[in-house]
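J.:
Numbering (this note's numbering), first residue to last: 7 to 373.
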């Protein structure tokens, strides 16, 4: 790639999809912009979209309209096809129309509902294609594929990508904003020195459509919390249960504040002593900073992440939100200083926060 080249991201956020796909694409777009690239986004205007947030970060967004036509699931299609909100053919046509006017050097696709059929139809001649995937459940026509999950093997994509596709596998390539790497050493040094529990961070994803945050707060009310504990709850502004959680936080037995769309998540994690969070892409942020955590599986595609981190002794894993019933009884066990120290050490070994730079380097090599 050379300075000024255009890179286009096709990704979505919604109440169903969540925010993680858009957020990690924004991280990569920020890194590419720092190298002089011009980045554009193509997003469908689902309920819970992040179009405004993308624009606030300074990136043009080409909005695909909400369609009455639904992306149905067929025997040959991706399991998550309904997430698209249109047929793949319609989405491909609309996306191709945008790409014609942009002449990108790369198209980056991060969407569980899209596969090789869409990619082969949309991809302009001479344009590189990068896919972000977590599932290894469908075929791709990609030059570069990134799967940042712990436990993933290159062989999992055997027969699903072209033989010459460059595979970037594992949390070493996790797309984290640069502030995580910047705060890493200070965060790890503090945890080695005196692991104790004074600040708890609760973050169940930007949308949390099932109000698992409320279930966490219910469980915490019954737990033997330290008298000087501060609880910080992080939510997205589009979260459907935000107001109810704010009311619930005001009635908690320990000081509890709800923070919305915060710009300094890395700092909040670095200051926290323990976390309760979803088993999604924010897992790698916690690992980079060595933040011990109880991880709750909220979707089937998070199960592999949580299981691999639990095997690595990097977290305490709950198979679903019902597992939060264990929290009051096991709180003291989970938050012993020795347990916190061991989890911090194990999680910090998983990723160093330099993944975005490594991915940019790979795109430069492929150009």
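Even for Gly, the Cβ is constructed at its ideal location relative to N, Cα and C. Owing to the predicted nature of the structure, the values given are computational and were not obtained by experimental measurement.
In or out: residue 155 buried (at least 16 other Cβ within 10 Å) or exposed?
T.: With 16 or more Cβ atoms within 10 Å of its Cβ, residue 155 is classed as buried.
J.: If you follow the beta strand (DSSP E) that residue 262 is part of, which residue opens it and which one closes it?
T.: Where residue 262 is concerned, the enclosing beta strand (DSSP E) stretches over 262–266.
J.: Would you check if the distance between the CB atom of residue 176 and the CB atom of residue 153 is smaller than 9 angstroms?
T.: It is a contact, given that the beta carbons lie within the stated cut-off.
J.: Using the beta-carbon count (16 or more within 10 Å), is residue 306 buried or exposed?
T.: The residue in question, residue 306, is exposed, as its Cβ has fewer than 16 Cβ neighbours within 10 Å.
J.: Our contact map puts residue 349 next to residue 319 with C-beta atoms below 8 angstroms; I'd like the distance itself, whole angstroms only.
T.: Yes, residue 349 and residue 319 are in contact; Cβ-Cβ is about 7 angstroms, under 8 angstroms.
J.: Less than 9 angstroms between CB atoms is the rule here; does residue 83 satisfy it with respect to chain D?
T.: Here there is only one protein chain, and chain D is not present.
J.: Can you find at least 3 beta carbon pairs, one from the region 187–194 and one from the region 41–55, that sit closer than 8 angstroms?
T.: With the cut-off at 8 angstroms, the region 187–194 and the region 41–55 do not touch.
J.: Helix, strand or coil for residue 213 per DSSP?
T.: Coil at residue 213, not helix or strand.
J.: Starting from residue 205, follow its DSSP beta bridges and name the residues at the other end.
T.: Answer is 236, bridged to residue 205.
J.: Does the distance from the CB of residue 283 to the CB of residue 208 come in under 9 angstroms?
T.: A contact, by the Cβ cut-off of 9 angstroms.
J.: Might you give, ordered along the chain, the residues of its own chain that have their beta carbon closer than 8 angstroms to the beta carbon of residue 225, omitting 5 neighbours on each side?
T.: Result list for residue 225: 330, 331, 333, 334, in chain order.
J.: Got a sec, what are the start and stop residues for the alpha helix (DSSP H) residue 36 sits in?
T.: 26–40 is the extent of the alpha helix (DSSP H) around residue 36.
J.: Within 8 angstroms, do at least three Cβ pairs link the region 213–228 to the region 238–257?
T.: These segments touch.
J.: Put residue 89 into one of helix, strand or coil per three-state DSSP.
T.: DSSP places residue 89 in helix when its eight states are reduced to three.
J.: Would residue 294 and residue 182 qualify as a contact pair, given that the criterion is a beta-carbon distance under 9 angstroms?
T.: Yes, these two residues count as a Cβ contact at 9 angstroms.
J.: For residue 284, which residues does DSSP report across the bridge?
T.: Residue 284 pairs with 302.
J.: Consult DSSP for residue 345 and reduce its assignment to one of helix, strand or coil.
T.: Note: residue 345 maps to helix in three-state DSSP.
J.: Can you give, in chain order, each stretch of the beta strand (DSSP E) that sits fully within the region 166–190 and has at least 3 residues?
T.: Segments of the beta strand (DSSP E) lying fully in the region 166–190: 172–175.
J.: Going along the chain, which residues of its own chain have a beta-carbon closer than 7 angstroms to the beta-carbon of residue 53, five neighbours each way excluded?
T.: Hits under 7 angstroms: 20, 21.
J.: Note down the Cα distance separating residue 129 from residue 37, rounded to an integer number of angstroms.
T.: Rounded to whole angstroms, residue 129 to residue 37 spans 23 angstroms at the Cα level.
J.: Per DSSP, what are the beta-bridge partners of residue 111 in this structure?
T.: Note: residue 111 sits in no beta bridge, so no partner.
J.: Is it buried or exposed for residue 308, if we count other Cβ within 10 angstroms and need 16 for buried?
T.: Its Cβ being crowded by 16 or more others within 10 Å, residue 308 is buried.
J.: Only counting the same chain, and skipping five residues up and downstream in sequence, which positions put a Cβ closer than 6 angstroms to that of residue 115?
T.: Only 16, 137 meet the Cβ criterion.
J.: Are the CB atoms of residue 174 and residue 142 nearer to each other than 9 angstroms?
T.: No, they are not a contact pair.
J.: Tell me which residue opens and which closes the beta strand (DSSP E) that residue 135 is part of.
T.: Taken as a continuous stretch (DSSP letters only), the beta strand (DSSP E) holding residue 135 covers 134–138.
J.: Between the alpha carbons of residue 159 and residue 265, how many angstroms are there, rounded?
T.: Residue 159 and residue 265: Cα-Cα distance of roughly 37 angstroms.
J.: Taking the continuous beta strand (DSSP E) assigned at residue 153, which residues delimit it?
T.: Start and end: 150–153.
J.: Between 310, 315, 299, 240, which has its C-alpha nearest residue 341's C-alpha?
T.: Ranking the options by Cα distance to residue 341, first place goes to 299.
J.: State buried or exposed for residue 97, treating a residue as buried only when at least 16 other CB atoms are found within 10 Å of its CB.
T.: Buried, since its Cβ has 16 or more Cβ neighbours within 10 Å.
J.: CB-CB under 8 angstroms to residue 108, same chain, minus the five flanking residues each way: which ones, in chain order?
T.: Contacts found: 12, 14, 46.
J.: By the DSSP assignment, the beta strand (DSSP E) with residue 48 in it spans what residues?
T.: Per DSSP, residue 48 belongs to the beta strand (DSSP E) from 44–50.
J.: Taking residue 336 as part of the alpha helix (DSSP H), name the residues at either end of that continuous run.
T.: Residues 333–340.
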